[in-house]
Amino acid sequence: MFSESKATQNGVIICSDLLLEYIGTNYPGLYFVSSTTKVLTDFIQLEKELSREDFRFVVPDFRLNKAFDKLGTLTERQKSKVEFLCNECCYFGCTDRKSCYENVSR
């Protein structure tokens with residue numbers, strides 16, 4: 003199984019804390035990425051997510067990609083966990099980010 007790979011560690015992109023708990027318990031060899039579909043548009047939410055030990059990486063909502071003044075205040079540890087989603091398909095004012103992302107992913 004992927005969680006038992008010796009060569010390269012495998013990871014899972016997670017949106018649900020319930021799923022995180024289940025996979026973390028049953029497949030402890032995997033690492034986790036906090037999904038952009040959580041729609042973390044508030045910088046304080048992003049900081050909290052980056053502080054969680056559960057996640058190796060966090061993908062913020064694309065609307066935070068250019069919040070340079072705020073992103074610059076992150077610690078080096080927090081910065082190393084941020085993964086930016088480029089080539090975004092939603093428009094900036096999108097109010098249903100999760101649904102848009104699911105449609106594009108099909």
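Okay, so the sequence shown: first residue is 3 according to our numbering, each after it adds one. Heads up, the beta-carbon is just placed ideally off N, CA and C, and yes, glycines get one too. Nothing here was measured: the structure is a model prediction, and the numbers come from that model.
Item: Please return the same chain residues whose Cβ sits closer than 8 Å to the Cβ of LYS72, not counting the five positions on each side in sequence.; Value: PHE45, LEU66
Item: Whose C-beta lies closer than 8 Å to the C-beta of LEU22 among residues of the same chain, with five residues either side of it excluded?; Value: ILE16, PHE34, ASP56
Item: Using the beta-carbon count (16 or more within 10 Å), is PRO30 buried or exposed?; Value: exposed
Item: Would you mind stating whether CYS88 and CYS96 have Cβ atoms separated by less than 8 Å?; Value: no
Item: How big is the Cα-Cα spacing for ALA9 and LEU32?; Value: 13 Å
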